[in-house]
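Working notes, beginning with the structure itself.
Protein chains: 2
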Amino acid sequence: MVKYVYFFGSGKAEGSSLMRNLLGGKGCELAEMTNLGISVPPGFTITTQAWARYTKAAQKWPESLWEQTTEAVRRLEAGAGMKLGDPKRPLLVSVRSGARVSMPGMMETVLNLGLNDRTVRGLAEWTKNERFAWDCYRRFITMFSNVVLGIRREAFEEHLQAAKTRLGVKTDPEVPAEELERLTQVYQGVVAEHAGVPFPQEPAEQLRLAISAVFGSWFAKKAVEYRRIHGIPGDWGTAVTIMAMVFGNLGETSGTGVGFTRDPRTGERRFYAEFLANAQGEDVVAGIRTPEHIDDLKRRMPKVYEELTTIADRLERHYKDMQDIEFTIQEGKLYLLQTRAGKRSAAAAVRVAVDLYRESVIDRDTALMRVRPQDLHQILHPKFDDEDRERAIAGGRLLARGLPAAPGAAVGEVVFDADRAVEWARAGQQVILVRAETSPEDVAGMYAAEGIVTSRGGRTSHAAVVAVGMGKCCVVGAGDVVVDEERRVFEAGGRTVREGDVISVDGSTGDVLLDAVKTLQPELGGEFREFLGWADERRTLGVRANADTPEDARKAREFGAEGIGLVRTEHMFFSHERIPIVREMIMAGDSAARRAAVAKLLPFQREDFLGIFRAMDGLPVTIRLLDPPLHEFLPKYTDLLEEYTRLDARHMERERLEVVMAKVRSLQEANPMLGHRGCRLGITFPEIYGMQVRAIMEAACAATGQGVAVSPEIMIPLTGTVGEMRLMHETTKAVADGVLAELGVPVPYLIGTMIEVPRAALIADQLAQTAEFFSFGTNDLTQLTFGYSRDDVAKFLPFYLDKGLLPSDPFSVLDQEGVGELVRIGIERGRHARPDLKVGICGEHGGEPASVEFCHRVHMTYVSCSPFMIPIARLSAAQARIRARQASEGAASA
Amino acid sequence: MVKYVYFFGSGKAEGSSLMRNLLGGKGCELAEMTNLGISVPPGFTITTQAWARYTKAAQKWPESLWEQTTEAVRRLEAGAGMKLGDPKRPLLVSVRSGARVSMPGMMETVLNLGLNDRTVRGLAEWTKNERFAWDCYRRFITMFSNVVLGIRREAFEEHLQAAKTRLGVKTDPEVPAEELERLTQVYQGVVAEHAGVPFPQEPAEQLRLAISAVFGSWFAKKAVEYRRIHGIPGDWGTAVTIMAMVFGNLGETSGTGVGFTRDPRTGERRFYAEFLANAQGEDVVAGIRTPEHIDDLKRRMPKVYEELTTIADRLERHYKDMQDIEFTIQEGKLYLLQTRAGKRSAAAAVRVAVDLYRESVIDRDTALMRVRPQDLHQILHPKFDDEDRERAIAGGRLLARGLPAAPGAAVGEVVFDADRAVEWARAGQQVILVRAETSPEDVAGMYAAEGIVTSRGGRTSHAAVVAVGMGKCCVVGAGDVVVDEERRVFEAGGRTVREGDVISVDGSTGDVLLDAVKTLQPELGGEFREFLGWADERRTLGVRANADTPEDARKAREFGAEGIGLVRTEHMFFSHERIPIVREMIMAGDSAARRAAVAKLLPFQREDFLGIFRAMDGLPVTIRLLDPPLHEFLPKYTDLLEEYTRLDARHMERERLEVVMAKVRSLQEANPMLGHRGCRLGITFPEIYGMQVRAIMEAACAATGQGVAVSPEIMIPLTGTVGEMRLMHETTKAVADGVLAELGVPVPYLIGTMIEVPRAALIADQLAQTAEFFSFGTNDLTQLTFGYSRDDVAKFLPFYLDKGLLPSDPFSVLDQEGVGELVRIGIERGRHARPDLKVGICGEHGGEPASVEFCHRVHMTYVSCSPFMIPIARLSAAQARIRARQASEGAASA
């Protein structure tokens, strides 16, 4: 006979913490606490295996399950000295769901099961509280009918409401016992009417039906949805725990409460709890009464308080983690109803982990595994004060909700173009840049702004990618925001917001709110630095930053970057003094004119590089040569066309414009992503790369002269053929060596390539014969491997994610089986040709924990990510190593 | 001592045909003929190994090479009874280059070496021809000085010119012996002046210098360029053959000629030769005298003629292939100077191969290997009469030269838009569609036209791809053609061509010519069909066609297609009666309106499919569901904008247009290639695919009812995730089975997918769990693997090909190491999950010989290509199998 039922009670349980998959989280911890000798109401748990059989057999109870259940009920009755259905001393039970991971509120619970027209009177007598008993019964009928029979709560509530109206009272507690007794009759009529059967009076039948209903609640729509979002397999199923009811509302020596063994907001070591005397847990949840400070309990029942804190301490030491407990005191006796690892803020998570290590409760690796890397966002960015945010929403100030593209919270005055953003920011104002969408020309404005809002685009749109890189709070795809650039207003949520009006942008939720919301600045405590120091000791994967300016480089270093993995040189081309020269270069009719324009850019680039080299003294800096197509530096054709049509009479202007328009037209591409860019540009217009390499090496020499240790790594973008690699290596080396010889300074440097097109990964062995390092550009590699344009993917990707056709956005989380497979192949083949090949990643994935773990697994040398992601990458890298070691130890010991 | 010199003469040679790599083509065949007892002037060949040593040692003669050379000269002198430098009986030799493959005219030759101020008199005496001797000497000085000393020919020619002027004569032969004698003095002065050294009188020195110069000519600019174009490795080097001179100009019993053992134009078996009595080979080449018919030789010297034809026959049998021979007759004695496989037209190649098999000279496999598949283009398409074409060019009628995009020759009246093309063609006129570039809207016009010319775009532009598919002659990227659509003219080559003017388009050369050029129609002879029948017997790889209409399907079947590998359903959407419905479908505001429009398309699609099924009775038909993004079916935004600005006052019209413009704008994509298309569209707008599947299955049922054997293969485009595949399989199957149940007809059908995105190849094992067949869409796969947009690649691909960064256009020839690697991975993984997986290719590569060979090697089930490519694919597939077997036999015997 399969054992489906595990009993716990009287200090002994058949289950334990180790049986989480079989008994669910709730069931196994109740068993564990029972075995620890902690006072827990007795009960038993029906296993997930029973659920599986039941489900597989199309809702037929598996053989012997009911027998085992009734046997367990008999044990429960014997222990409690009460009987299910006994009119004098009726045993009441709760029937609760419990999966192996917590799915709060997703599945069903039935309380006070065992009440019927007879036992309700026994309860009244025993508790000496008629009203309480009838209220329990009324609630039980409602809950049971809803969960088991599928009758809407409103079908009952309307009768309660009518009674209150008739009696002229406002709140439920004002409804007297007699009225509640009458309502239980009315309610049973409702059941008979809706369900076509009478309300089951027999407790055994109630129990059987409730257990079936809880089994079935695994497939409730909201539960299925929750599992889909959280990636919980549908075949795990739920256990069902049946437990004797205890009551906290039987007078002044009763009560109920919840508590954390440490402060969940800060991680401070103190018992952080709330208590409500003479109350049930429901009352706390319903918000009918305000919980009291835990000191009240200490004052009222010092012994119970002492017992409670002792148990809390014991549980924390037992589980080696901060616990979140629920307890009830029934007539002076303490019962624990639940214990689990407590949810906590990121700051608290770090502090608790560090403290538990210091208290010798856990080792460092365990401490490192206790913090979810992505939660560090909370610590690294400002955020809104929750209460003030709620107030703003309640006050109707929510203008729109877009996609949270880059975390943080920002408040500022609305501006509609980059120039004004820069201008106003210079004047000391805080601004929010609001645009339909952004383009590379907006970068300076984005930099100047506190936050960015766009009405179009997805999480991988230009705005989103650039904002993440800058660590700017950003909301994209806020479709309700209709921007009218000409009138300099936007409409949203039925309001018109003008330039200069103040808005608040929440990059973590996607909310755009009118007026200022109170902002909380992040604090990077000493524990945080110590914690990340441990991560650094543990990890083998390097962590570098993507940074385009000396300021970014300094910030990156502060966050712990061990080098720069990607300098995007094109970002340097967009500033006000340079873009005219860049356009001059593009408009050049011949090589000589182009060379002349390029020469003017050289000093700028040299200064840029010098600044970065100085900021990164002693660390490697990978510089990517110009990547985007030239037309990105020119105005848009439609804009020119509009300007042109407005220029009625002025012929001179029209002629000038015609030349630009012709150039723009000639550079237009059907698919710019797949066009004339990267090294294709570098090869066809060698002047540009020549200048850039010269600028890099001149800057390197200058830095060396200033005593700065420099090691530039020159990176060729978009290489796809061995011919390109050889040619670029040769021409780059010629210029670089030329400069070094000219200036007489020895600077060690490397020439490598990005791996961005699938072909590069496939022929990596050939490329590695010349390339001295690889950096996987997983943004482009993802676009090409999937055939998804990241600018256009919003048309179907949300639908795909919604329908489960993709597990996650591949631009956020590296697609390991497709893109990752190419990365794996690329590394394997590359190292086959050059065993010591340095390999990194510089796409947006370099700061995403699951992707970082993948990078560790495929033996990359380093990941490179936005400065603000660095701490996340450091922790992720450490966890990847720990997890890999645990897995190999697990495999070895198995 | 390394043997560098191989002697031949007196019926015995040290070399043979087998030593081609060592002795070069010319050297080894002269040795072979000598060994066959055929009369060849004696001589010797210096090996390519000597060249290699010489080159490696920086032009230093390797040890013993000169000794071996002088030893060979002594043997030559002994055999000939003449001596180099002997004033009485001077031996004269030629010094010729000869690589292992023929590089006609690329390297140097020196004739008449051995002449000097003394031997010239001996020659005069011996030949009894003073003028001849001095003319030889004059020419030798010129040639030697040019080849060996690098002195320009003009430096000598000007003196000859001056002499002729002075003497008042027009042609060289009129210059008398005394004047030539004087000129040899003048010429020697020129040498002394230009080279700073006297002209070398010593024959041994002449020889040594000439050999060195021929070695060096391997690196002449034109030779390097030629090797780059033809993919000949630079380290092969050249051999040098030194051979006794024979003279065909010593009177009426002397002469010279060239001949083919069969007619190189038709392949007919007859000795096809030209002869010139009392002349040297040079005279034929210089065009000074018109060669006579070979019958003249038969008449003049019947015995020599007999000997010649006997030798020709013997050589053909010996080499088992049609030969191209050169011969000289010196005073009644016949000498063979060269033999090699003769160049021939494609038609001749087929006929010769078939005849040689019938004559039991070669086996069938050898016959099949004798025809280059790509040469079949010549047979399959009309072509211009060469002479008339030359006349047109000479007459200044060449308007422009573009890229030859689709072979053939077409003559017709110029039209500038598709509508007019259709209209005029209906009226029975032959038209040529001339456009800046074409779009899918032009397809009907392209179909109606005889040929297509575009001024923009490369070989993989829309125009090129569609034209190849239609078998229409097409020239693209003719940049000199400036189209003015409004004025309905184009300017090119300084001329203005109006609509209605006649032009001729050569899709094999890229020429666009004014007026009509005489056209020759292809003839598919019986040998051709027999030959392809042999190919079918030999090949294991299937051959299908890409066809979108019943006419195409019929044509494909005629050419030997064994099924349809790709029906592009979108091509059916562009016709006049359908495009308004398609637009209605796109403009639909909701699903109901969309369904209504889609329903109107159903009967059209059903008819299309029914027609194709009937044409392919008994053969499988693979139908791809809608692939392109919806915006391809709407007008271009810029066109709408222009129309809009012209619509000044008419508000109604503007309002209508505004709606369309808004839709077009909303559908615009940054990178349409990577956008909302293929199954992404099918998934988000399920109505469209639902209609298409219904139309396919209804047509299949109808065809079955008509007694037609149908097996449709429904193909999902652009699948990249297993979720897409599963969903599409499920929904497709539901509709298909629904129709079959509804109509009560059993039709076997398959559901499979295209493999177009790299990710699909990487997860092929997962896809094959549901997909019943794969078809590699190598056009898109190439775009994504390289990251090349085929619409934009013209900006850099020509440059890449020119610089050798890519060996060939990857859109024409499948890139085996990159794209092919993904194909290989995809097949391997797909068959791992489903061992009997049917695998095909349906990109443009399916008709390209090297790509077909690759497809055979990776065990594809079939290739699919344009109907006109089918014969090429059939032959390529047979050759692939033969080559593979030869390789494995070679490996086994090694």
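As given, the protein sequences belong to chains R and Z, one line each in that order.
Just so we're on the same page, my numbering is the position in the first sequence counted from 1, plus 83.
Just so we're on the same page, my numbering is the position in the second sequence counted from 1, plus 83.
We put the beta carbon where it would ideally sit given N, CA and C, even for glycine.
Express the C-alpha separation of R:V273 and R:G415 in angstroms, rounding to a whole number.
CA-to-CA, the gap between R:G415 and R:V273 works out to about 39 Å.
Over the uninterrupted alpha helix (DSSP H) stretch that includes Z:K816, give me the two end residues.
It spans V805 to L826 - the alpha helix (DSSP H) in which Z:K816 sits, taken as one unbroken run.
Simplified DSSP state of Z:C219, which is helix, strand or coil
Annotated three-state conformation of Z:C219 is helix, per DSSP.
To test your reading of the DSSP string, which unbroken alpha helix (DSSP H) runs of 4 or more residues are found completely within the segment 924 to 966 of chain Z?
For the segment 924 to 966 of chain Z, whole alpha helix (DSSP H) runs of length 4 or above, ordered along the chain, are 932 to 940.
Which stretch, first to last residue, makes up the beta strand (DSSP E) that contains R:T339?
Run containing R:T339: G338 to F343, per the beta strand (DSSP E) assignment.
Kindly confirm or deny that the segment 315 to 322 of chain R and the segment 126 to 146 of chain R touch, where touching means at least three C-beta pairs closer than 8 Å.
Yes, the segment 315 to 322 of chain R is in contact with the segment 126 to 146 of chain R.
Cross-chain neighbours of Z:M756 in chain R, by beta carbon under 9 Å:
Proximity of chain R to Z:M756 at the Cβ level (cut-off 9 Å) is accounted for by A753, N754, M756, L757, G870 and S872, in chain order.
Chain-ordered neighbours of R:Q866 on chain Z, where CB pairs are closer than 7 Å
Against chain Z, the beta carbon of R:Q866 has neighbours under 7 Å at L757, listed in chain order.
Compute the beta-carbon to beta-carbon distance between Z:R680 and Z:A671, rounded to the nearest angstrom, for a pair I have assumed lies under 8 Å.
For the sequence presented, residue 680 of chain Z should be read as Ala rather than Arg. Contact between Z:A680 and Z:A671 holds: CB atoms are separated by about 6 Å, below the 8 Å threshold.
Does the distance from the C-beta atom of Z:A561 to that of Z:G485 stay below 7 Å?
In this structure, Z:A561 places its C-beta atom within 7 Å of the C-beta atom of Z:G485.
Expressed to the nearest angstrom, what Euclidean distance is found between the alpha-carbon atoms of Z:R201 and Z:R157?
About 20 Å.
Is DSSP giving R:A732 helix, strand or coil here?
With a pLDDT of 49 at R:A732, under the threshold of 50, the modelled position of that residue is not reliable, and no figure is offered here.
Below 7 Å between beta carbons: does that hold for Z:A519 and Z:S538?
In terms of Cβ geometry, Z:A519 and Z:S538 form a close pair [threshold 7 Å].
What's the C-alpha gap between Z:A245 and Z:T153?
Looking at the two C-alpha atoms, the distance is approximately 40 Å.
To the nearest angstrom, how far is the alpha carbon of Z:L889 from that of Z:G930?
CA-CA distance, Z:L889 to Z:G930, rounds to 20 Å.
Nearest CA to the CA of Z:M190: which residue from Z:V307, Z:S658, Z:S674 and Z:A238?
Nearest option by C-alpha distance: Z:V307.
Which residues share a DSSP beta bridge with R:Y418?
Per DSSP, R:T411.
Can you pull the chain Z residues whose beta carbon is under 7 Å from the beta carbon of R:D875, in chain order?
Per Cβ cutoff of 7 Å: E752, A753, N754, L757, G758 and H759.
For R:V548, does the three-state DSSP call read helix, strand or coil?
In the three-state DSSP reduction, R:V548 falls in the helix class (H, G or I).
DSSP three-state assignment for Z:I838, whether helix, strand or coil
The answer is strand: DSSP assigns Z:I838 an E or B state.
Proximity test, Cβ basis, 7 Å: Z:T767 and chain R:
Yes, contact with chain R.
What does the Cβ neighbour count give for Z:M780, buried or exposed, with the cut at 16 atoms within 10 Å?
Z:M780 comes out buried.
Among the residues of its own chain, which have a CB less than 7 Å from the CB of Z:P954, if the five just before and after it don't count?
Answer for Z:P954: L459, L463, L615, F642 and G643, listed in chain order.
Between the segment 293 to 310 of chain R and the segment 206 to 224 of chain R, do at least 3 Cβ pairs fall closer than 8 Å?
The answer is no - the segment 206 to 224 of chain R does not touch the segment 293 to 310 of chain R, with fewer than three Cβ pairs under 8 Å.
Hey, does R:G98 have any beta-carbon neighbour from chain Z nearer than 7 Å?
With a threshold of 7 Å between beta carbons, R:G98 makes no contact with chain Z.
Alpha carbon to alpha carbon, what distance is there between R:R737 and Z:P718?
Approximately 27 Å, taken between the alpha carbons.
Just the C-alpha distance for Z:A732 and Z:D722, rounded to the nearest angstrom, thanks.
In this prediction, Z:A732 scores a pLDDT of 49, lower than 50, which makes its location untrustworthy; no coordinate-derived value is stated.
Residues near Z:G625 in its chain [Cβ-Cβ closer than 7 Å; skip 5 each side]:
Excluding the 5 residues flanking it on each side, Z:G625 has same chain C-beta neighbours closer than 7 Å at E645, T944 and Y945, in chain order.
Can a CB atom of chain Z be found closer than 7 Å to the CB of R:F882?
For R:F882, the answer is yes, since a Cβ of chain Z falls inside 7 Å of its Cβ.
Measure the C-alpha to C-alpha separation of R:A961 and Z:D710 and round it to an integer number of angstroms.
One C-alpha to the other measures close to 45 Å.
Where does R:H759 sit, in a helix, a strand or coil, going by DSSP?
Taken through DSSP and simplified to helix, strand or coil, R:H759 comes out as coil.
What are the complete alpha helix (DSSP H) segments, minimum 4 residues, inside the segment 427 to 472 of chain R?
Unbroken alpha helix (DSSP H) stretches of 4 residues or longer found wholly inside the segment 427 to 472 of chain R: 429 to 441, 447 to 452 and 459 to 463, given in chain order.
Can you pull out the residues from the segment 891 to 910 of chain Z whose beta carbon lies closer than 8 Å to at least one beta carbon of chain R?
Taking 8 Å as the Cβ-Cβ cut-off against chain R, the residues of the segment 891 to 910 of chain Z that qualify are D898, E900, G901, V902, E904 and L905.
Name the residue from R:T602, R:N754 and R:A630 whose alpha carbon lies nearest to the alpha carbon of Z:A877.
Cα-wise, what sits closest to Z:A877 is R:N754.
Counting only runs of 3+ residues fully inside the segment 558 to 611 of chain Z, write out the beta strand (DSSP E) ranges in chain order.
When DSSP assignments are scanned along the segment 558 to 611 of chain Z, the uninterrupted stretches of beta strand (DSSP E) that are 3 or more residues long and fall wholly within it turn out to be 565 to 567, 572 to 575, 578 to 581, 585 to 589 and 594 to 597.
Report yes or no: do the segment 505 to 525 of chain Z and the segment 903 to 920 of chain Z share at least 3 C-beta pairs separated by less than 8 Å?
The segment 505 to 525 of chain Z vs the segment 903 to 920 of chain Z: no contact.
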